[in-house]
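J.: Numbering (the working numbering), first residue to last: 16 to 288. Even for Gly, the Cβ is constructed at its ideal location relative to N, Cα and C. Computed from a predicted structure; not experimentally measured.
1. Residues in the same chain with beta-carbon distance under 8 Å from residue 300, minus the five sequence neighbours each way, listed in chain order, please.
2. Between the Cα of residue 201 and the Cα atoms of 131, 188 and 85, which residue gives the shortest distance?
3. Once the 5 residues before and after residue 270 are set aside, which same chain residues still bring their CB inside 7 Å of it?
4. Going by Cα to Cα distance, which pick from 137, 113 and 190 is closest to residue 124?
5. Per DSSP, residue 196 is paired with what?
6. Per DSSP, what kind of secondary structure is residue 172 in: helix, strand or coil?
7. If the criterion is Cβ atoms closer than 8 Å, does the pair residue 218 and residue 259 meet it?
8. For residue 182, tell me which candidate among 159, 53, 103 and 214 has the shortest Cα-Cα distance.
9. Relative to the C-alpha of residue 72, which residue among 152, 86 and 29 is closest?
10. Among 31, 232 and 106, whose alpha-carbon lies nearest the alpha-carbon of residue 76?
11. Does DSSP classify residue 218 as helix, strand or coil?
12. Please confirm whether residue 68 has its beta-carbon closer than 8 Å to some beta-carbon of chain B.
13. Look at the alpha carbon of residue 22 and the alpha carbon of residue 48, and state the distance between them as a whole number of angstroms.
14. Please classify residue 74 as buried or exposed, where buried requires at least 16 other C-beta atoms within 10 Å of its C-beta.
15. Figure out for me which residue from 180, 223 and 265 has the closest Cα to the Cα of residue 108.
16. In its own chain, which residues sit with a C-beta less than 8 Å from the C-beta of residue 191, not counting the 5 before and 5 after it?
17. Could you tell me which residues DSSP pairs with residue 271 in its beta bridges?
18. In whole angstroms, what separates the C-alpha of residue 163 from that of residue 144?
19. Given that a residue counts as buried once 16 or more other Cβ atoms are within 10 Å of its Cβ, and exposed if not, what is residue 267?
20. Indicate whether residue 160 and residue 85 have their beta-carbon atoms separated by less than 8 Å.
21. Does the beta-carbon distance from residue 69 to residue 46 come in below 8 Å?
22. Does the Cβ of residue 255 have 16 or more other Cβ atoms within 10 Å, making it buried, or fewer, making it exposed?
23. Under the three-state reduction of DSSP, which class applies to residue 119: helix, strand or coil?
24. Report buried or exposed for residue 170, applying the criterion of at least 16 other Cβ atoms within 10 angstroms of its Cβ.
25. Roughly how many angstroms separate the alpha carbons of residue 40 and residue 186, rounded to a whole number?
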């Protein structure tokens, strides 16, 4: 058997195998092209054999194209989509950490410090980003600890939220009645807010591949809801309640994100944490 016949036979075999397992479609397509290039030139002696091999390789090529399409639909596209979900979810946790670090800086700066102990109260997103004056002041911070793009522009029933990519975010502060709220008009308990806040990231759209809600607290405790389940909270009209991470009826919906452990204590002025 000459080289072209050997390559044709091998290309047909690999094409058949790729029809069973589409993951081999790319290799089969490459081998098919090599076999086509190795066909003998047109001559009167070998024209019949060449025509038979050409027809066989064209049939194998069609089969390879179909197998490649199956591979893209079944393997490649879901893989790309899953990678995007992981990337967006990781970005959501990173944004929550940015909010935590901004709260640490805000509390060290102490623009809201009713008891004068130099440990300030936590701020809402609009205060942290310099979008509005801090509570009890007429001007916003000149150098806010959080980037202006975090300014909340999306209205939810629990308070204004910031939207980026596939997630919405807001910060909830303790109220004088013992609840938590992200509303700037709420009666914030500034003493409790010195050592407590909750920030959430949840899917911005009710329809989509993003289902997980995340939270972070003042001790860098990060929690997430279960993967691959219908989202309990999604969009501005189904925002997580501000006490979702601590309320007895909903706190068990969250589990530690990647085994993340909390800080030993909340960050205080002069503390590296």
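T.: Reading from the atomic positions:
1. With the chain running from 16 to 288 in the structure shown, residue 300 is simply not present.
2. Taking the first residue of the chain shown as position 1, residue 201 is located at position 186. Put simply, of 131, 188 and 85 the residue whose alpha carbon is nearest the alpha carbon of residue 201 is 188.
3. Counted from its first residue, the chain shown places residue 270 at position 255. If we look at residue 270 and ignore the five residues flanking it on each side, its Cβ neighbours are 238 and 239.
4. In the chain shown, residue 124 corresponds to position 109, counting from 1. The candidate whose alpha carbon is nearest that of residue 124 is 137.
5. Translated into positions along the chain shown, residue 196 becomes position 181. Answer by DSSP bridge pairing, in chain order: 188.
6. Position 157 of the chain shown, counted from the start, is the residue given in the question as residue 172. Here residue 172 sits in coil by DSSP.
7. Within the chain shown, residue 218 is the residue found at index 203, counting from 1. Within the chain shown, residue 259 is the residue found at index 244, counting from 1. Their beta carbons are not under 8 Å apart, which means residue 218 does not touch residue 259 by this criterion.
8. Your numbering for residue 182 matches position 167 in the chain shown. Measuring from the Cα of residue 182, the nearest candidate turns out to be 103.
9. To locate residue 72, count along the chain shown from 1; it is residue 57. When each option's Cα is compared against that of residue 72, the closest is 29.
10. Residue 76 sits at position 61 when you count from the first residue of the chain shown. Checking every option, the nearest Cα to that of residue 76 belongs to 31.
11. On the chain shown, residue 218 is found 203 positions in, with the first residue counted as 1. It is a strand residue.
12. Absent here is chain B; the protein component of the structure consists of one chain.
13. Your numbering for residue 22 matches position 7 in the chain shown. Your numbering for residue 48 matches position 33 in the chain shown. Whole-angstrom Cα-Cα distance: 10 Å.
14. Residue mapping note: residue 74 aligns to position 59 of the chain shown, counting from 1. Exposed: under 16 other Cβ atoms inside 10 Å.
15. For the purposes of this step, residue 108 is taken as residue 93 along the chain shown, with counting starting at 1. Selected option, being the one with the closest Cα: 180.
16. Within the chain shown, the letter at position 176 stands for residue 191. Within the same chain, residue 191 has close Cβ partners 202, 203 and 204.
17. Locating residue 271 in the chain shown gives position 256, where the first residue counts as 1. Answer is 238.
18. Here residue 163 corresponds to residue number 148 of the chain shown, with the count starting at 1. Here residue 144 corresponds to residue number 129 of the chain shown, with the count starting at 1. Rounded to the nearest angstrom, the gap between the Cα atoms of residue 163 and residue 144 is 5 Å.
19. Here residue 267 refers to the residue found at position 252 when the chain shown is read from its first residue. Residue 267 is exposed by the Cβ-count criterion.
20. For the purposes of this step, residue 160 is taken as residue 145 along the chain shown, with counting starting at 1. For the purposes of this step, residue 85 is taken as residue 70 along the chain shown, with counting starting at 1. Not closer than 8 Å, so no.
21. For this step, residue 69 is matched to residue 54 along the chain shown. For this step, residue 46 is matched to residue 31 along the chain shown. No, these two residues do not count as a Cβ contact at 8 Å.
22. For the purposes of this step, residue 255 is identified with residue 240 of the chain shown, where counting begins at 1. With 16 or more other Cβ atoms inside 10 Å of its own Cβ, residue 255 counts as buried.
23. Position 104 of the chain shown, counted from the first residue, corresponds to residue 119. Reduced to three states, the DSSP call for residue 119 is helix.
24. Looking up residue 170 in the chain shown gives position 155. Here residue 170 is exposed. Its C-beta has fewer than 16 other C-beta atoms within 10 Å.
25. Taking the chain shown and counting its residues from 1, one reaches residue 40 at position 25. Taking the chain shown and counting its residues from 1, one reaches residue 186 at position 171. Rounded to the nearest angstrom, the two C-alpha atoms are 50 Å apart.
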